[in-house]
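Novice: Counting the sequence shown from 1 gives a position; the numbering used here is that position plus 29. For every residue, glycine included, the Cβ atom is placed at its ideal position computed from N, Cα and C.
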Amino acid sequence: MSLESASARRAAFAARAADTSLAWRFFDACTGPAPGMTIDEPAIRSNKGRPMSKGEIGCYASHFSIWQDMVARGVRQAIVLEDDTVVDWAYLEPLARTDLHAEGIDYLRLYAKRPTWQRVVRRDFLQHSRAIVELVGLAYGTQGYAITLEGARRLAGHCRIVRRPIDDEMDRSWAHGLPNLALYPAPILEAAIVSDIGNSRFGPKADPLYHSIRQKAWRALERARMRMLKARRLLER
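Structure representation (structure tokens):
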């Protein structure tokens, strides 16, 4: 996934992918809302303490459009990568050939930005010492993931109304019901280049809606839902 105008980033990614046997293509990233999306501005301000930036909306729309495209064309499985990633193609090639839905995996992160609570789900997945872990909490980042048709259907349906940035929404497995699975160690890295999304998202949470009593109560409920999911997973061990 890459902005059509990002010729330098596209060239760098293509050079890094020159030797892979996988068929791949650039998906033109969106620069505004996608068809089927509804932006709930009050909800965004309540959840983030600020409006979403143009870059965040474009990122949200891009991933949403990929899922919609998969559903419309009946694409059984895909690996989605952003153009600022450095990829271990030797691992992704067998991963792409694996029927993930048959393995009980409909969404599999290839990278996360922040450590959060996790439990080991599978050991030695396609390679010795490569595990699948389930994350519960906000790990952030949409740099890369594998997704099945069922996973795309689930996320496309859940994410039609925009209430927060896309990675925040994808991490909320307790809300959409799709386990937030991830590979450890990660088979991709994020290159140290300037993000197209920008840094405005790191500003202070100044909007009064974020600090309302109602929103504080909602955040307490959200934390409780996270704790309940963690407890259920511990009991399943």
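Quick one: using the 10 Å Cβ neighbour count with 16 as the cut-off for buried, is Thr67 buried or exposed?
Specialist: As a working note, residue 67 is residue 38 in the sequence shown. Thr67 comes out exposed.
Novice: Would you say Glu219 and Thr114 are within 8 Å of each other, going by their C-beta atoms?
Specialist: Within the sequence shown, the letter at position 190 stands for residue 219. Within the sequence shown, the letter at position 85 stands for residue 114. Against a cut-off of 8 Å, the Cβ pair of Thr114 and Glu219 comes out as a contact.
Novice: Have a look at the DSSP bridge pairing and note the partners of Trp146.
Specialist: Taking the first residue of the sequence shown as 1, we reach residue 146 at position 117. Bridge partners of Trp146: Val165.
Novice: Using a 10 Å radius around the Cβ and a threshold of 16 neighbouring Cβ atoms, would you call Trp96 buried or exposed?
Specialist: One-based indexing of the sequence shown puts residue 96 at position 67. It counts as buried.
Novice: The beta strand (DSSP E) with Arg138 in it runs from where to where?
Specialist: Looking up residue 138 in the sequence shown gives position 109. Element bounds for Arg138: Tyr136 to Arg138.
Novice: DSSP beta-bridge partners for Tyr89?
Specialist: Numbered from 1 along the sequence shown, position 60 holds the residue referred to as residue 89. Per DSSP, Tyr89 has no beta bridge partner at all.
Novice: Excluding the 5 residues preceding and the 5 following Val150 in the sequence, name in chain order all residues of the same chain whose CB lies nearer than 7 Å to its CB.
Specialist: Residue 150 sits at position 121 when you count from the first residue of the sequence shown. Annotation for Val150: Ile161, Val162, Glu163 and Leu210 place their beta carbon closer than 7 Å to its own, counting only its chain and skipping 5 residues before and after.
Novice: Report yes or no: do three or more beta-carbon pairs, one from the segment 57-76 and one from the segment 99-106, lie closer than 8 Å?
Specialist: no
Novice: Hey, Leu110 and Val116: beta-carbon distance below 8 Å or not?
Specialist: Within the sequence shown, numbered from 1, the residue matching residue 110 stands at position 81. Within the sequence shown, numbered from 1, the residue matching residue 116 stands at position 87. It is a contact, given that the beta carbons lie within the stated cut-off.
Novice: What are the start and end residues of the alpha helix (DSSP H) that includes Glu219?
Specialist: Against the sequence shown, residue 219 aligns to sequence position 190. Where Glu219 is concerned, there is no enclosing alpha helix (DSSP H), although the beta strand (DSSP E) it sits in stretches over Ile217 to Glu219.
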